[in-house]
Amino acid sequence: MPDKILSPKSHHVPDRGPDLVAAPERRAAEARAAAAAGPPIAPVAVTTDLSAAGGVTVSTVAPAPAPGDAGAGGENRRRRDDLFAAAGPLLRRPGFVLAALFVAFVIVSGLVPSLFTSYKPSATSGSDKLKGPSLDHLFGTDELGRDLFSRVLHGSTLTIKATGGAVLIAIVAGLTIGVVAGFFGGWVDSVLMRIIDILLAIPMLLMALVIVTALGFGLLPIAIAVGVTITPTFARTTRAEVLRVKEQPYVEAARTGGASWGRVLLRHILPNSWGPVSVLAVLDFGTAVLVISSLSFLGFGTPPPAAEWGTLISNGRNFLITSPWLSLLPGLFVGLVVFSLNHIARTLEEIKR
């Protein structure tokens, strides 16, 4: 027991008088500052009760967090910082930036060619036959007076459609085969990988020619043929990644925690196997462009008057001596597309390492 019990009247809090008097003014100042900073976050009231000792009750208000540190604003800022951190190594490589800009130009020109040329791809002009490159006709004109630059840009539409379809077929088929082979293993893995080895032993262009001959000419047969030819590389890469990820400790921990194999596959194995497959998709996009252009050059593409890149190069062979730009400029354009896609894929692979 204390020797002396203070009465409520005699109790006071030493040196608290100025604080208690200034508390309303301080709260008002904090309210004005919070209103000026933006939508306020509800402050937390802290109450200190000294009534047990016969004292007074002192209330203080904890300052609200800064608007940028909490809520949607802070989350958006963190996401933006993460995006810049991921893009930083890529933006510091001028070669990657130039390649990405050129590929973006090809894609946009294929989707909306009228943004970059006012000429129709099939419009002929008897007075403009076989004119060389100029400001009016950047790539010159062909034997019918058609603007070659316009035909190259409109040919991007056909090539992008065929290439996109081929890569999509290869990703779906390759992921399915690779996941099944790597996940189940055993005789399933052996059988599927022997089939993949047989497909890899056949030259890519030869296999595509056989499939196109069997299915017929056109955009869809070409997409299917090229998709089948690049599927084996997707299957092998996916299988290797699934085998690697399947042995990781977090996969074993998920299984120990009671997760089903389906959940483990969808939540852990597939997301962590996608990195190398995405790089391969960019690389094989360039390969698909090259194979599709080769098929068109050999006459297995979309029938005329479609302006496919390979067809344009093939048509210019008859004028190589007098008008070399008819084959040279479309061929250079195709080469730049393939080189840019390969450079992007190699850069992404280096960054991931």
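The sequence shown lines up with residues 256 to 608 when you count with my numbering.
Cβ atoms here follow ideal geometry from the backbone N, Cα and C, with glycine treated the same way.
Under the three-state DSSP convention, the category Thr511 falls into: helix
Taking all protein chains shown into account, decide if Thr302 is buried (16 or more other Cβ within 10 angstroms of its Cβ) or exposed. Because Thr302 sits at a pLDDT of 47, beneath the cut-off of 50, its placement in the model cannot be relied upon, and the following sentence gives the value as read from the coordinates. Thr302 should be labelled exposed.
Return the residue from the list Lys384, Asn527, Pro526 that minimises the CA-CA distance to Phe574. Lys384
Residue closest to Arg494, alpha-carbon to alpha-carbon, out of Glu507, Ile451, Gly512, Ile466: Ile451
Beta carbon of Ala490, beta carbon of Ile432: below 8 Å? yes
Determine, using beta carbons only, whether Ala480 comes closer than 8 Å to chain B. This model lacks chain B altogether; it includes just one protein chain.
Leaving out five residues before and five after Leu413 in sequence, what residues of the same chain have Cβ atoms less than 7 Å from its Cβ? Leu474, Thr557, Ala561, Glu563
Going by Cα to Cα distance, which pick from Val546, Arg572, Gly429, Gly565 is closest to Leu525? Gly429
Please work out which residues of its chain come closer than 6 Å, Cβ to Cβ, to Pro368, disregarding the five sequence neighbours upstream and downstream, and give them in chain order. Leu408, His409
Between which two residues does the alpha helix (DSSP H) holding His598 run? 580-607
Using a threshold of 8 Å, state whether the C-beta atoms of Val497 and Phe438 are closer than that. yes
Report the partner residues of Asp452 according to the DSSP bridge assignment. None; Asp452 has no bridge partner.
Find the nearest neighbour of Glu398 within the set Val592, Thr484, Leu521, Ser382, judged by alpha-carbon distance. Ser382
Backbone CA spacing between Ala325 and Ile599 [nearest angstrom]: Residue confidence is low: Ala325 scores 49 on pLDDT, short of 50, so the model does not pin down where it sits. Its coordinate-derived value is still stated next. Roughly 37 Å between the two C-alpha positions.
With a threshold of 16 other CB atoms inside 10 Å of the CB of Ala508, please say whether the residue is buried or exposed. exposed
Which residues does DSSP list as the beta-bridge partners of Thr396? Asp402
For Ser528, I'd like the list of residues in its chain whose CB is within less than 7 Å of its CB, leaving aside the five on either flank, ordered along the chain. Thr493, Glu496, Val497, Val500
Given that a residue counts as buried once 16 or more other Cβ atoms are within 10 Å of its Cβ, and exposed if not, what is Gly565? buried
Tell whether a beta-carbon distance below 8 Å holds between Lys416 and Val534. no
Which residues mark the beginning and the end of the alpha helix (DSSP H) in which Val489 is found? Sequence check: residue 489 is Phe here, not Val. Note, Phe489: alpha helix (DSSP H), 474-501.
For Asp324, which of helix, strand or coil comes out of DSSP? Its pLDDT being 48, under 50, Asp324 is placed unreliably by the model, and the measurement read from it follows with that caveat. Here Asp324 sits in helix by DSSP.
Range of the contiguous alpha helix (DSSP H) that encloses Thr379: Note, Thr379: premise wrong, no alpha helix (DSSP H); not H, not E.
Checking 8 Å against the spacing of the C-beta atoms, do Val358 and Ser595 come in under that value? yes
Which residues in the same chain have their Cβ closer than 7 Å to the Cβ of Thr484, if we skip the five residues on either side of it in sequence? Met459, Met462, Ala463, Val546
For Ala561, name the three-state secondary structure that DSSP assigns. coil
Chain-order list of residues whose beta-carbon lies under 7 Å from that of Leu346 (same chain, five-residue window excluded): Val352
What residues in its chain sit with their C-beta under 7 Å from that of Ala543, if we drop five residues either side in the sequence? Thr418, Ala421, Val422, Val481, Ile485
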